[in-house]
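Below is one structure, written out as structure tokens; the observations come after it.
Residue numbers (the numbering used here): 42 to 502.
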């Protein structure tokens, strides 16, 4: 039987904050801090309104907001309960106070006079214009839908499963695929649906800043996990993590590629500790001079959640990705999406379906592998031994002495070249110093020019 709990709530009629917002905030804080636990029954809206001396509408509005955020669960006539927001029993931890979220540092937009060599952007001008127009014409010919499937269109999920099987040796069917708006969105859906506030979330250090922000915003405690030039250091992972976010195909930002032996040790660690691994496969389609390594998900689908996106392979403007996991986990995520009214654009899904069905996306990837290989070769040729992490992806690490990074970036900007540094990607003290150099979005000629500026400045500083 689920327990009923009395609530120490107070409303202040003199406060400028609306009464419903006061009740919502106090209940949310109680669930975050552990005063309210999963399965505990809340008073009915009528009873709580009488207790607080407010209208029933105030309590109903507060409950509806918390339902929408996923904090509450229940059905009409059966009561209101604190939601159990995890599917894995071993993720359940005592709730801890939420860690304040720090916004990302401002990321300066590149003006027309600046050559942007920061990471994260692909070459979007290399697409097949005819294929692109055909895909959107097909999407426009279909009537708009009125009942979107929270998992995504069934034909798209089947095509994505086949694409992942061929491209990444991922043993998934359409029942394992949920269509998202990208890796950040997929991670947010995972965290919102399956992690308790206060869960311990390991993130690579240095690592993808958006992943830290998403998990922190969902109330997780961020645990920095050191990496080396091969990826996450398994032997230094703590045993009390609930989830580990990792980028094994091309570690961001250092560029390491997790070797097979370390992948097996990582999965053994997850089985021993009960942690869930979230694998971000963000640019795994692009590799150079090396054989492909299987995705972690393909080695152990029971303990791994796989995230993917078209942001690097096609364009971030498309806004489509995928989350691959066990069907029972996806059911929980789909339930949360329905509750929040969250969806991926239907026309976008139909356009990508056409690109996949006709083989246009595969042809685009083959062209871009050759294009990026030429750019990567130009970077290595120009910068030589300064370059690390160049076996895959769309960026490299340019290691520099600590005292040289700041002056080089400032002087490069004065010469019209915008650069990113490793400092922005650390959660704590800076361990690795240098540049995170993206070569996806610049033309080959511009890339050579920008690398020549870096080489000259590195030699002079």
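Even glycine gets a Cβ: it sits at the ideal position worked out from N, Cα and C. A quick note: this is a predicted structure, and the numbers were derived from the prediction, not measured.
- Using a Cβ distance threshold of 8 Å, residue 487 and residue 156 count as a contacting pair.
- Counting only runs that start and end inside the segment 207-291, the beta strand (DSSP E) elements of at least 3 residues fall at 218-221, 241-246, 262-269, 284-287.
- For residue 436, the enclosing beta strand (DSSP E) covers residues 436-440.
- Looking at 445, 56, 480, the one whose alpha-carbon comes closest to that of residue 501 is 445.
- Shown here for residue 178: not one same chain residue has a beta carbon closer than 6 Å to its own, the five before and five after excluded.
- The count of Cβ pairs closer than 8 Å, one atom from the segment 89-106 and one from the segment 52-72, reaches three, so the stretches are in contact.
- Under the three-state reduction of DSSP, residue 188 is assigned to coil, being neither helix nor strand.
- Residue 396 carries a helical assignment under DSSP once its states are collapsed to helix, strand and coil.
- Three or more beta-carbon pairs separated by less than 8 Å are not found between the segment 476-483 and the segment 172-189, which leaves the two stretches without contact.
- For residue 232, the closest of 253, 247, 206 by C-alpha to C-alpha distance is 253.
- Take residue 421, set aside five residues on each side of it, and the residues of its chain with a beta-carbon closer than 7 Å to its own are 428, 431, in chain order.
- Counting C-beta pairs closer than 8 Å gives fewer than three between the segment 350-369 and the segment 242-253, which falls short of the contact rule.
- Beta-bridge partners assigned by DSSP to residue 122: 82, 114.
- For residue 479, the enclosing beta strand (DSSP E) starts and ends at 475-479.
- Between the alpha carbons of residue 60 and residue 122 lies a gap of roughly 21 Å.
- A Cβ-Cβ distance of about 20 Å is found for the pair residue 268 and residue 225, leaving them out of contact under the 8 Å criterion.
- Shown here, residue 314 sits in a helix according to DSSP, grouped into three states.
- Rounded to the nearest whole angstrom, the CA to CA distance from residue 319 to residue 377 is 18 Å.
- Exposure of residue 188 is indicated by the presence of fewer than 16 other C-beta atoms within 10 angstroms of its C-beta.
- Residue pairing by DSSP places residue 363 opposite 220, 349 in a beta bridge.
- Within the same chain, and ignoring the five residues on either side of residue 481 in sequence, the residues whose Cβ sits closer than 6 Å to its Cβ are 162, 163, 164, 435.
- Residue pairing by DSSP places residue 428 opposite 439 in a beta bridge.
- The secondary-structure analysis by DSSP pairs residue 459 across a beta bridge with 157.
- Scanning 196, 70, 98 for the CA closest to the CA of residue 397 turns up 196.
- With respect to residue 308, residue 211 sits apart: the two C-beta atoms are not nearer than 8 Å.
- In the three-state DSSP reduction, residue 450 falls in the helix class (H, G or I).
- The C-beta separation of residue 401 from residue 169 comes to about 6 Å, placing the pair in contact by the 8 Å criterion.
- Secondary structure of residue 51 (DSSP, three-state): coil.
- Contact between residue 365 and residue 218 holds: CB atoms are separated by about 6 Å, below the 8 Å threshold.
- If you look at residue 173, you'll find it in the alpha helix (DSSP H) that goes 170-182.
- The beta-carbon separation of residue 449 and residue 438, rounded to 14 Å, does not stay under the 8 Å limit for a contact.
- Note on residue 72: 16 or more other CB atoms within 10 angstroms of its CB, so buried under the neighbour-count rule.
- Under the DSSP assignment, residue 326 falls outside any alpha helix (DSSP H); it carries neither an H nor an E label.
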